[in-house]
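What follows is a single structure, written as structure tokens, with notes after it.
So this is what it looks like as structure tokens:
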């Protein structure tokens with residue numbers, strides 16, 4: 001009994017306490033520690049939750065799928081076995097709010113420094129008011145900002161991450177993709193290369209979830225069809241967003257006066273919004289993504305670039321392994337850390353990925 005405190009290992013409490021005392025940005029670290037402790041304090045094993053919590057039928061179904069998803073990721077893909085998602089906090093209904101910031105007239109993200117993991121182009125808060133306060137601070141400094149909610153996150157092995165109850169409202173592919181995405185973070189994380197890490201986890205999550213959904217095709221045809229609709233919309237979404245980003249990037253590099261750049265930027269975004277509504281979307285979520293009530297600015301578009309960057313590089317690398325995702329992952333988890341250690345500050349994960357090949 002003395003090994004645990006509020007459901008968190010003593011070492012974890014000491015780690016958080018040390019962070020609050022020793023690291024800069026104590027107010028931020030303190031709120032993160034409080035939020036993490038609150039999340040961990042109410043966690044219970046999934047098996048016990050299934051026996052004691054009044055879940056809806058859909059929630060119960062999703063919770064029962066999680067071990068299957070984890071087993072698939074670990075045994076079929078080669079993601080690292082972890083104790084993540086073996087527990088759930090059924091009372092934790094909060095969200096993590098991520099704040100990102102970018103220059104108004106170019107795609108230059110503001111980076112936030114974190115202990116251990118290095119710099120990332122966003123900062124997370126457990127409280128929306130804290131996130132909005134950070135947004136206001138960045139706005140006052142002249143940055144363009146974007147606040148979005150996240151239904152899950154990874155502590156990269158520092159803690160045994162629990163499920164959030166909100167995750168049980170997702171459809172099968174969303175749940176599988178998120179669990180596999182976060183397991184990918186725990187499998188391979190390159191310190192100091194946040195953009196690459198998010199792109200890699202997105203790629204691995206998408207590829208792994210696709211293989212998982214193929215296994216469910218006969219068992220859950222409706223879920224499979226919904227996933228197919230999302231794939232079609234996702235392709236159209238990425239093509240359209242990439243075109244918008246490329247057009248704005250060209251404008252930002254044009255050398256025009258700043259005032260002219262900003263005026264043209266607004267016209268480009270307005271045109272993109274109008275064209276968006278004419279596209280053949282299958283799902284309402286995609287159709288509404290650039291509605292008049294949705295923010296479209298550099299800070300949001302940079303997040304799109306981060307999570308969707310390097311698609312061709314990943315696709316090409318996987319093709320060199322003849323589409324064998326486990327073989328690609330095994331090589332990446334061995335070779336990329338080796339290259340980072342050997343290259344030091346000169347290490348470029350994109351270059352290393354481009355040179356990744358199967359062993360002779």
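Numbering (my numbering), first residue to last: 1 to 360. Just so you know, even glycine gets a beta-carbon here, dropped at the ideal spot from N, CA and C. Keep in mind the model is a prediction, meaning the values are calculated, not measured.
- The alpha carbon of residue 279 has as its nearest neighbour, out of 241, 252, 250, 255, the alpha carbon of 241.
- One Cα belongs to residue 178, the other to residue 99, and the distance between them is close to 20 Å.
- For residue 166, there is no enclosing alpha helix (DSSP H), as DSSP marks it with neither H nor E.
- A straight-line Cα-Cα distance of about 13 Å links residue 250 and residue 298.
- One alpha carbon belongs to residue 190, the other to residue 60, and they sit about 35 Å apart.
- Look at residue 314 here: in three-state DSSP terms it is helix.
- Rounded to the nearest whole angstrom, the C-alpha separation of residue 260 and residue 143 is 18 Å.
- Restricting attention to alpha helix (DSSP H) runs no shorter than 4 residues, the region 199-276 encloses them at 221-252, 258-276, ordered along the chain.
- Residue environment for residue 285: exposed (fewer than 16 other C-beta atoms within 10 angstroms of its C-beta).
- Apart from the 5 residues on each side of it in sequence, residue 138 sits with its Cβ closer than 8 Å to the Cβ of 99, 101, 110, 145 in its chain, given in chain order.
- Secondary structure of residue 341 (DSSP, three-state): helix.
- In the pairwise beta carbon analysis, the region 129-136 is classified as not touching the region 38-56: fewer than three pairs are separated by under 8 Å.
- At least 8 Å separates the beta-carbon of residue 46 from that of residue 65.
- Around the C-beta of residue 70, 16 or more other C-beta atoms lie within 10 Å, and the residue is accordingly described as buried.
- In terms of Cβ geometry, residue 183 and residue 89 do not form a close pair [threshold 8 Å].
- The straight-line gap separating the alpha-carbon atoms of residue 187 and residue 200 is approximately 11 Å.
- DSSP places residue 150 in the uninterrupted beta strand (DSSP E) bounded by 144-150.
- The three-state secondary structure of residue 189, taken from DSSP, is coil.
- Per DSSP, residue 350 is one residue of the alpha helix (DSSP H) stretching across 349-354.
- Assignment of residue 124 by DSSP, reduced to helix, strand and coil, places it in the strand class.
- Excluding its 5 nearest sequence neighbours in each direction, residue 294 has C-beta neighbours in its own chain below 8 Å: 288, listed in chain order.
- Annotated three-state conformation of residue 304 is helix, per DSSP.
- Under a 10 Å Cβ-count criterion, residue 323 is classified as exposed, with fewer than 16 other Cβ atoms of the shown protein chains found around its own Cβ.
- At a Cβ-Cβ threshold of 8 Å, residue 92 and residue 168 do not count as neighbours.
- Counted as a single uninterrupted DSSP element, the beta strand (DSSP E) harbouring residue 88 occupies residues 87-89.
- Three or more beta-carbon pairs separated by less than 8 Å are not found between the region 159-176 and the region 325-333, which leaves the two stretches without contact.
- For residue 99, the uninterrupted beta strand (DSSP E) segment begins and ends at 96-102.
- About 31 Å separates the Cβ atoms of residue 344 and residue 180, ruling out a contact at the 8 Å cut-off.
- When DSSP states are grouped into helix, strand and coil, residue 119 belongs to the strand group.
- As computed with DSSP, residue 45 is found in a beta bridge with 87.
- Each residue's CA atom was taken as its position, placing residue 103 and residue 233 some 29 Å apart.
- Pairing residue 112 with residue 122 gives a Cβ-Cβ distance under 8 Å.
- With respect to residue 77, residue 283 sits apart: the two C-beta atoms are not nearer than 8 Å.
- Taking the CA atoms as reference points, residue 198 sits about 30 Å from residue 267.
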